[in-house]
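Let me begin by presenting the structure, written as structure tokens, before commenting on it.
In this note's numbering, the protein residues as written are 35 to 182.
Next comes the structure, spelled out in structure tokens:
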């Protein structure tokens, strides 16, 4: 897991096309089409918003949604994104995930374990929020994981 990847809450506005590929035109999404449709029905579709030269992802009318981007440091290209929110006092819920195809399972850079690294980063930052005890992901297995 030593590949150079940085994590950020926003990406530069000139990376819009790369971010659109991650969220909307991603070849890996077919594996989770049912879960993605469920997340959109329940929380709303992800939207890319530009704010002062930076891009963030919002979901529906939820103002408390946060984004975590995995970024290639040399190019600034987003290669992964997790969109999440504090669902209640004890839970952080990951609403949407997107990985660049080369980082998905079976991709040419799958050994970087980007999904695992994104989730660890969310988990690390969630531990610092008072009261949060569980991290749950809408995609895949519907179970919560304790942060402790």
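Glycine is no exception: its CB is placed at the ideal position from the N, C-alpha and C atoms.
Determine the contact status of residue i and residue j, defining contact as a CB-CB distance below 8 Å.
| i | j | result |
| --- | --- | --- |
| residue 173 | residue 69 | yes |
| residue 102 | residue 121 | no |
| residue 96 | residue 118 | no |
| residue 25 | residue 169 | As displayed, the chain neither begins before 35 nor continues past 182, which places residue 25 out of reach and without an answer. |
| residue 40 | residue 112 | no |
Using a Cβ-Cβ cut-off of 8 Å (strictly less than) and excluding sequence neighbours within five positions of residue i, which residues of its own chain qualify?
| i | result |
| --- | --- |
| residue 47 | 84, 87, 88 and 89 |
| residue 99 | 91, 92, 93, 117, 118, 119 and 129 |
Take residue i and list the residues in its own chain whose beta-carbon comes closer than 6 Å to its own, dropping the five residues that flank it on each side.
| i | result |
| --- | --- |
| residue 114 | 104, 133, 148 and 152 |
| residue 59 | none |
| residue 128 | 116, 118 and 171 |
What three-state label does DSSP hand residue i in the structure shown?
| i | result |
| --- | --- |
| residue 43 | coil |
| residue 139 | coil |
| residue 158 | helix |
| residue 86 | coil |
| residue 173 | coil |
Of all the CB atoms in chain B, is at least one closer than 8 Å to the CB of residue i?
| i | result |
| --- | --- |
| residue 107 | No chain B appears in the structure shown, which is made up of a single protein chain. |
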